[in-house]
Structure formats: C-alpha cells, structure tokens
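Quick note, the sequences are listed as chains E and W, same order. Position 50 of the first sequence, counting from 1, maps to 50 under the numbering used here, and the rest follow consecutively. Position 69 of the second sequence, counting from 1, maps to 69 under the numbering used here, and the rest follow consecutively. Ideal Cβ placement from N, Cα and C applies to all residues, glycine included. Computed from a prediction, not measured in an experiment: that's the story for all the values here.
Number of protein chains: 2
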Amino acid sequence: MSQIYEKVALIGLGLIASSMARAIRAKGLAGEIVGHARSAETRATALEIGLVDAVYERAAEAVQGADLVVLCVPVGVMGKITEEIAPHLAPGATVTDVGSVKRAVIDAVGPHMPEAVHFIPGHPLAGTEQSGPRAGFATLFVNRWWLFTPLEGTDPAALTRVKSLVEAMGANTDEMAPDHHDLVLAVVSHTPHLIAYTMVGVADHLRRVTHEEVIKYSATGFRDFTRIAASDPVMWRDVFLTNKEATLDILGRFTEELFMLQRAIRMGDGEMLHDYFTRTRAIRRGIIEAGQDTDAPDFGRAVPKKDE
Amino acid sequence: MSQIYEKVALIGLGLIASSMARAIRAKGLAGEIVGHARSAETRATALEIGLVDAVYERAAEAVQGADLVVLCVPVGVMGKITEEIAPHLAPGATVTDVGSVKRAVIDAVGPHMPEAVHFIPGHPLAGTEQSGPRAGFATLFVNRWWLFTPLEGTDPAALTRVKSLVEAMGANTDEMAPDHHDLVLAVVSHTPHLIAYTMVGVADHLRRVTHEEVIKYSATGFRDFTRIAASDPVMWRDVFLTNKEATLDILGRFTEELFMLQRAIRMGDGEMLHDYFTRTRAIRRGIIEAGQDTDAPDFGRAVPKKDE
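What follows is the structure, encoded as structure tokens:
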C-alpha cells in the first residue's frame, strides 16, 4: 500500500499507539513514525523494540513537522498535552485522538487547537486487557470499527485522509455525533467494565470465601470478568470521570433491571427468568453473524495445560 | 487407561454428558455407555453421532445394570427423575450428578435413593455457552475442578472410584461441604451469569441506542457478556431458583459495592476508582498463575476475518 502521511507523531505509547505503529510500518503507510511518552522506561522500550524512528521526552518536539498527530494518552490529560503541543503543530496538520469518550475530549482539546490545524476526534473500538508499548500488535484493528465524531466545518479531504489510514490498517470506519457516541459506548463498553470491576471487587472482599478459592475455582463467568477487570486503571478511571452522565444513566437502567430479576429469583418466578434468558441469547447470535466475535465455544481459547 | 466402570448410564445428553461420553470412550474408562434423553431429537442425534452404545426413552430402562449413573439433567428435575429410576438401580451402584447447585440436589435426590446405592453429589466446573449432544468434546474437563460434596457415611471406596473416573478424564478433584460449595459458586459463577444476563437485557431494551448499533459496535466488555448470556436458559433458571439464598446474598453485596463506585463516579473521586481498578488486576494474575485461564490477550481468540 502507498504512503498516506509523511510523518506520524504518536503522543503516548501504550497498547493503541504501539499497535498503530506496527500496522503503519507493516503496510508502509507513513514515511516516518515518531513518538512521545512521559515515562523514560516506555521511551527506552519503544526504541529497544524499534517501535518508532525517534522518541521524544517532550510532546512538543515530537509533533514538529508531523502531518498527522495522534493523541493516545488517557482522556484526562488530553487537554493539557494539547495545550503543550499547540504552538508547535505544523499548519495543515491533522490531529486526531483515540479516546474512549468524545464529548469530554472535544471540550478539553478543541479550545487549544490552532485554526490552521484539522482536529478530527476518533475512537478505535479495539483493545485487549494488556497495556504498554510491548502489548501492541499490527492486526489489532482488523475488522474493528473506528468511529469518527467530526466537528462542524471539518475539512472533507482531511477526514477522508485519516479514514484511509485507519482503513488501510484493517479497520471499518463510521461517523457519529459525539454525544451519541458516548451513550452507545456507555452501553457496549463503559458500564460492562464497571460491572466487571465491581464483581471482581466483591469476590476479593468476601471473607467467607477465601481468596484462594476465588482463584482456584474461578468458573466460567467470573474468569471472563477478571479479564475485563484487568484493564488499565488510569484509562478506565478517566473514562468514568469524563463519561459520567451516560454511565450513570445506563447504571440506573442496569440496577432497575437487576432488581427486577432479583425479585423474580426471590419470588421463584421461573417463567420470567426463562423468558429473559432466552431473549438475551439472540443478541449473541447477532454479534457472531455481524462478524464481531468468534462462534467457537469459550472463544476458542486454549485448554490450560496440565502437567501429566 | 483401564476400565473403571462396567456400564455408565448418562441421564440427560447435553453438553456435560456428551463431553463425558466422549472422554470415557476416548480413554476406555467404561465397558458400555448408555444414555437417556427426554427429547426424541436428542436421542436420534446421540445415536447418529455414536455418542452412546444405546439410548432409552425411559430413564428407568437406561439405569438397569449400570454400576455408575450420572444425573445430567437441569437441577429442577433431578428429584423427579431420581424417583423414576430409584426402583431400577442396581444394588451397589454409584449415582452422581453434575448439577451446579448441591444443597438443593441433595434435598431433592437424597430421599428417593435406595440404601444399597452410593449417592455422591458432584459438580464439574467446566462448560461453554453451547448446549446439546453435539456441543460436547472430550477435553472439556482437562485441568478443570470437579468438586464432590459427599454426604456423611459415604463409602470411601465408591468415592475413590468415581474420583478416579473424572481424574482419568483430566479433571482435578476436591471435596467441599454442600452449603459452602453453593456460596463459592454464587460468587464465581451464578452471580456473574445473572449480571451478564442483566447487562445484555439492558442493551436490548434501550431505545435511544438501536439494536443494530449494540450488535455492530459491541466492544470488548459487552461482547464477552453476550457469550455468558447465551448459556442454556433452562439450566440457569434452575440454578437461580435452587441457589436462591446464596445468590441473593452475593447480589446484595454486589449492589452495595456498585453503589459505592457509582457514587465515586458522581462525586468525581478518581483516586478511589484508580485504587479499586488496580486491586482487581491482581486477581486476574492469580487465576492465570493457577493455570485456570490463558494469558493470551483477549483469550487469544481469533481475529474476525475481513473480506478483502
């Protein structure tokens, strides 16, 4: 594939940025890839594994001359880092971000953005429970959705160009209004994460069931929750703090619904439980038919080895 | 490996029974395997795929002459089926079950059990979201825990024999008091399932987010919940109705904890959220170190294919 940008600057070098670096390099989509990370350890790792061509201690240095700047830091620090880099952005450059929340990013980043720069907020719906520069892999975005929430008056050519980059990395693209994005994500990602964190926390506290038992007998169900609850704490703290309204809204719906099922259990209403559990099966089928998950039992994960 | 039982009768031919049949056959652990299923379609499938040597419409016929009878029906019908088979059980036979709840099974099954028969309640902590006779596979129990909750006065030889069968299928065995079993399972399996069902139900109801969006953008988190919420509705209805007290107890703890986190989000208490999310990470590490899950990112599941 041919080069889409001259110089891409990745601000923050975690799972998403390191996957982008690998995918961009694998497909030859940029002439040069540079990065910035706050931690000296991350910077050293990035150089050691050849993730980027150059790495900078200051974000302002990394963005110089870049025609694409990608903000890959936690949502809570996007505003501050934009303030730092703004005076150093090249005129005509595109700035995008990969934050899981869009309204808060637009409010924090927008005011600092120079007029001569195209700011196009984005969000790849892709990730794993692992983090850091070593966690990335080039195929992370294949067949995943990369949503853009362009602001009014966005330059169509700049939007097409950044879309062509992520599509070349294997992603599907779509556009959405920022507030609707935040509501959809509260349903399909943010609230499920909070619930998984909560359930794992409950198990950890329960004194009548030992910590050892929780780990040893972690059956299907809980085991899957622990994967989600192993996600990056800083990223998720910021998600909940910045998508507060939508998360609290969906949490309210969730609690109502949970109380209804809890009451059915208490009253012994088997018919209601059976009907409910039958309906939820259909959604799984839809997701598999849409190519968004595998139909292999238990995700087709490897059977844990046993020493014989 | 050598034969452990002469004739094994599997009562019910779903995921667990069909996995047992395959594992027993693969390792030559029984002289003969017979089965019973209520549905004619299941019986026809079992014969077609060669799951068992013979299949019976009536459970009472299947158990005749069997030295091991395994009850693999939903917890809610264990009592009734035991009443049917009791007069036909061979003296000296062992009867075990694979129900996810133990106190209710003991209360329902125990009173019907003839004195000359060894009743040893059991529960394999293994399964997938799929059900029926075609869903089974021989390695389902490898490195999984198979818990037994033996009653007072259980014959040690009969217990050792049934343990040796499930160990030969690859399982690890352990003993536990029935009520403690039900509490542990409420934490590591039953409550997580109810929560997953609830979250998927909420997404399904939400009119401001379309059904199509929920499926299309099902991100990590929600996607995993849908797998759990695709589990067998009859089995899970019975689990909640029969492990009512422990499930309601853990649900109460869960809701308390969720309200605390919800309040932290509302108040903007980032420090509390960050600390909480950091602690839950450690549990995941414990489960992986205990060999109960893979450390591959996203369970190592296959990247969905994309038409190019």
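Check: Does DSSP classify alanine 9 (chain E) as helix, strand or coil?
Finding: Start at 1 with the first residue of the first sequence, and residue 9 (chain E) comes out as number 9. Here alanine 9 (chain E) sits in strand by DSSP.
Checklist line | Spatial distance of histidine 211 (chain W) from phenylalanine 222 (chain W) (CA atoms) | finding: Your numbering for residue 211 (chain W) matches position 211 in the second sequence. Your numbering for residue 222 (chain W) matches position 222 in the second sequence. Roughly 13 Å separates the two Cα atoms.
Item checked: Whole-Å CB distance - leucine 125 (chain E) paired with arginine 144 (chain E), under 8 Å assumed -> Looking up residue 125 (chain E) in the first sequence gives position 125. Looking up residue 144 (chain E) in the first sequence gives position 144. Between arginine 144 (chain E) and leucine 125 (chain E) the Cβ distance is about 6 Å, and since that is below 8 Å, they are a contact.
Margin query: Using a Cβ-Cβ cutoff of less than 8 Å, which residues in the same chain neighbour valine 52 (chain W) once the five nearest sequence positions on both sides are dropped?
Written below: Position 52 of the second sequence, counted from the first residue, corresponds to residue 52 (chain W). These residues qualify, in order along the chain: Leu10, Leu13, Ala21, Ile33, Val34, Gly35 and Ala46.
Check: On the three-state DSSP scale, how would you describe alanine 171 (chain E)?
Finding: Against the first sequence, residue 171 (chain E) aligns to sequence position 171. Three-state result, alanine 171 (chain E): coil.
Margin query: Per DSSP, what are the beta-bridge partners of proline 124 (chain W) in this structure?
Written below: Translated into the one-based positions of the second sequence, residue 124 (chain W) becomes position 124. Beta-bridge pairing links proline 124 (chain W) to W:Trp146.
Check: Counting contacts by CB-CB distance shorter than 8 Å, is proline 121 (chain W) in contact with chain E?
Finding: Position 121 of the second sequence, counting from 1, holds the residue named residue 121 (chain W). No, no contact with chain E.
Item checked: Under the three-state DSSP convention, the category aspartate 182 (chain W) falls into -> The residue labelled residue 182 (chain W) in the question sits at position 182 within the second sequence. Of the three classes helix, strand and coil, the one that applies to aspartate 182 (chain W) here is helix, per DSSP.
Next item on the list: Would you list, in sequence order, the uninterrupted beta strand (DSSP E) runs of no fewer than 3 residues that lie entirely inside the stretch 236-271 of chain E?
Entry: none
Notebook entry, point to check: Who pairs with glycine 35 (chain W) in a beta bridge, going by DSSP?
Noted result: Start at 1 with the first residue of the second sequence, and residue 35 (chain W) comes out as number 35. For glycine 35 (chain W), which the question treats as bridged, DSSP gives the partners W:Leu10 and W:Val55.
Checklist line | 8 Å Cβ cutoff met for valine 95 (chain W) and asparagine 243 (chain W) | finding: Residue mapping note: residue 95 (chain W) aligns to position 95 of the second sequence, counting from 1. Residue mapping note: residue 243 (chain W) aligns to position 243 of the second sequence, counting from 1. Contact flag unset, no.
Check: Does the beta carbon of lysine 7 (chain W) sit closer than 8 Å to a beta carbon anywhere in chain E?
Finding: Along the second sequence, read from residue 1 onward, the residue named residue 7 (chain W) stands at position 7. Not one chain E Cβ lies under 8 Å of lysine 7 (chain W).
Check: Do you know offhand how far valine 162 (chain W)'s Cα is from leucine 273 (chain E)'s?
Finding: Taking the first residue of the second sequence as position 1, residue 162 (chain W) is located at position 162. Taking the first residue of the first sequence as position 1, residue 273 (chain E) is located at position 273. Going from the Cα of valine 162 (chain W) to the Cα of leucine 273 (chain E) covers about 34 Å.
Notebook entry, point to check: Taking alanine 62 (chain W) as the reference, which of W:Asp97, W:Glu84, W:Gly50 and W:Leu194 has the closest Cα?
Noted result: Locating residue 62 (chain W) in the second sequence gives position 62, where the first residue counts as 1. Closest option to alanine 62 (chain W), Cα to Cα, is W:Glu84.
Note to self: One question on the structure: do histidine 123 (chain W) and histidine 181 (chain W) come within less than 8 Å of each other, judged by their Cβ atoms?
What the structure shows: Sequence index remark: in the second sequence, residue 123 (chain W) carries index 123 (1-based). Sequence index remark: in the second sequence, residue 181 (chain W) carries index 181 (1-based). The answer is yes: Cβ separation under 8 Å.
Check: When the cut-off is 8 Å and only beta carbons count, does methionine 169 (chain W) lie next to chain E?
Finding: By one-based count along the second sequence, residue 169 (chain W) stands at place 169. It does not: the Cβ of methionine 169 (chain W) has no partner Cβ on chain E nearer than 8 Å.
Margin query: Threshold first: 3 residues or longer. Then list the beta strand (DSSP E) segments lying entirely within the stretch 54-86 of chain W, N to C.
Written below: 54-56 and 68-71
Check: Can you check whether the CB of threonine 255 (chain E) is closer than 8 Å to the CB of threonine 255 (chain W)?
Finding: As a working mapping, residue 255 (chain W) is identified with position 255 in the second sequence. As a working mapping, residue 255 (chain E) is identified with position 255 in the first sequence. In this structure, threonine 255 (chain E) lies closer than 8 Å to threonine 255 (chain W) by Cβ.
Checklist line | Own chain residues within Cβ distance below 6 Å of aspartate 238 (chain E), not counting five before or after | finding: Along the first sequence, one-based indexing puts residue 238 (chain E) at 238. Contacts found: Pro74, Val75 and Gly76.
Checklist line | Cβ-Cβ separation, leucine 147 (chain E) to threonine 191 (chain E) (assumed contact under 8 Å), whole Å | finding: Sequence index remark: in the first sequence, residue 191 (chain E) carries index 191 (1-based). Sequence index remark: in the first sequence, residue 147 (chain E) carries index 147 (1-based). Incorrect: roughly 18 Å between the Cβ atoms, too far for contact.
Item checked: Cross-chain neighbours of glutamate 57 (chain W) in chain E, by beta carbon under 9 Å -> Numbered from 1 along the second sequence, position 57 holds the residue referred to as residue 57 (chain W). Within chain E, no residue comes near glutamate 57 (chain W); the closest Cβ sits about 25 Å away, beyond 9 Å.
Notebook entry, point to check: Nearest CA to the CA of serine 231 (chain W): which residue from W:Ile120, W:Arg38, W:Glu129 and W:Ser39?
Noted result: For this step, residue 231 (chain W) is matched to residue 231 along the second sequence. The shortest C-alpha separation from serine 231 (chain W) is found at W:Glu129.
Check: Are arginine 253 (chain E) and valine 188 (chain W) close, meaning C-beta to C-beta below 8 Å?
Finding: As a position in the first sequence, residue 253 (chain E) is number 253, starting the count at 1. As a position in the second sequence, residue 188 (chain W) is number 188, starting the count at 1. No.
Check: Taking all protein chains shown into account, do 16 or more other C-beta atoms lie within 10 angstroms of the C-beta of methionine 267 (chain E), making it buried, or fewer, making it exposed?
Finding: Here residue 267 (chain E) refers to the residue found at position 267 when the first sequence is read from its first residue. So methionine 267 (chain E) ends up on the exposed side.
Item checked: Partner residues on chain W for tryptophan 236 (chain E), Cβ-Cβ distance less than 7 Å -> To locate residue 236 (chain E), count along the first sequence from 1; it is residue 236. Result: Phe277.
Check: Any idea what DSSP makes of threonine 94 (chain E), helix, strand or coil?
Finding: Your numbering for residue 94 (chain E) matches position 94 in the first sequence. DSSP places threonine 94 (chain E) in strand when its eight states are reduced to three.
Check: Can the beta-carbon of leucine 151 (chain W) be found less than 8 Å from the beta-carbon of isoleucine 195 (chain W)?
Finding: Sequence index remark: in the second sequence, residue 151 (chain W) carries index 151 (1-based). Sequence index remark: in the second sequence, residue 195 (chain W) carries index 195 (1-based). In this structure, isoleucine 195 (chain W) does not lie closer than 8 Å to leucine 151 (chain W) by Cβ.
Notebook entry, point to check: Considering only C-alpha positions, which residue in the set E:Ala104, E:Asp155 and E:Thr149 is nearest to histidine 118 (chain E)?
Noted result: Start at 1 with the first residue of the first sequence, and residue 118 (chain E) comes out as number 118. Checking every option, the nearest Cα to that of histidine 118 (chain E) belongs to E:Asp155.
Note to self: Contact defined as beta carbons within less than 8 Å: I believe glycine 136 (chain W) pairs with serine 2 (chain W). What is the distance between those atoms, to the nearest angstrom?
What the structure shows: Walking along the second sequence from the start, residue 136 (chain W) turns up at place 136. Walking along the second sequence from the start, residue 2 (chain W) turns up at place 2. Incorrect: roughly 23 Å between the Cβ atoms, too far for contact.
Check: Beta-carbon separation of leucine 312 (chain E) and isoleucine 4 (chain E) under 8 Å?
Finding: The requested residue 312 (chain E) does not occur in the structure, where chain E is confined to residues 1 to 308.
Check: Does any CB atom of chain E fall closer than 8 Å to the CB of lysine 230 (chain W)?
Finding: By 1-based counting over the second sequence, the position of residue 230 (chain W) is 230. Reading off the sequence, residue 230 (chain W) comes out as alanine, not lysine. By this cut-off, alanine 230 (chain W) is an interface position.
Check: Of all Cβ atoms in chain E, is any one closer than 8 Å to the Cβ of proline 297 (chain W)?
Finding: Translated into positions along the second sequence, residue 297 (chain W) becomes position 297. With 8 Å as the cut-off, proline 297 (chain W) counts as an interface residue toward chain E.
Next item on the list: Please compile the residues from chain A whose C-beta is within a distance smaller than 7 Å of the C-beta of glutamate 257 (chain W).
Entry: Structure shown: chain A not included; protein chains present are E and W.
Checklist line | Helix, strand or coil at phenylalanine 141 (chain E) according to DSSP, with G and I counted as helix | finding: Taking the first residue of the first sequence as 1, we reach residue 141 (chain E) at position 141. Coil, per DSSP.
Item checked: Own chain, CB closer than 6 Å to valine 199 (chain E), minus 5 neighbours either side, in chain order -> Within the first sequence, numbered from 1, the residue matching residue 199 (chain E) stands at position 199. Reading the sequence as shown, one finds methionine at residue 199 (chain E) and not valine. Within the same chain, methionine 199 (chain E) has close Cβ partners Phe225.
Check: In terms of residue numbering, what span does the alpha helix (DSSP H) encompassing threonine 294 (chain W) cover?
Finding: On the second sequence, position 294 is the one that residue 294 (chain W) refers to. Careful: threonine 294 (chain W) lies outside any alpha helix (DSSP H) and carries neither H nor E.
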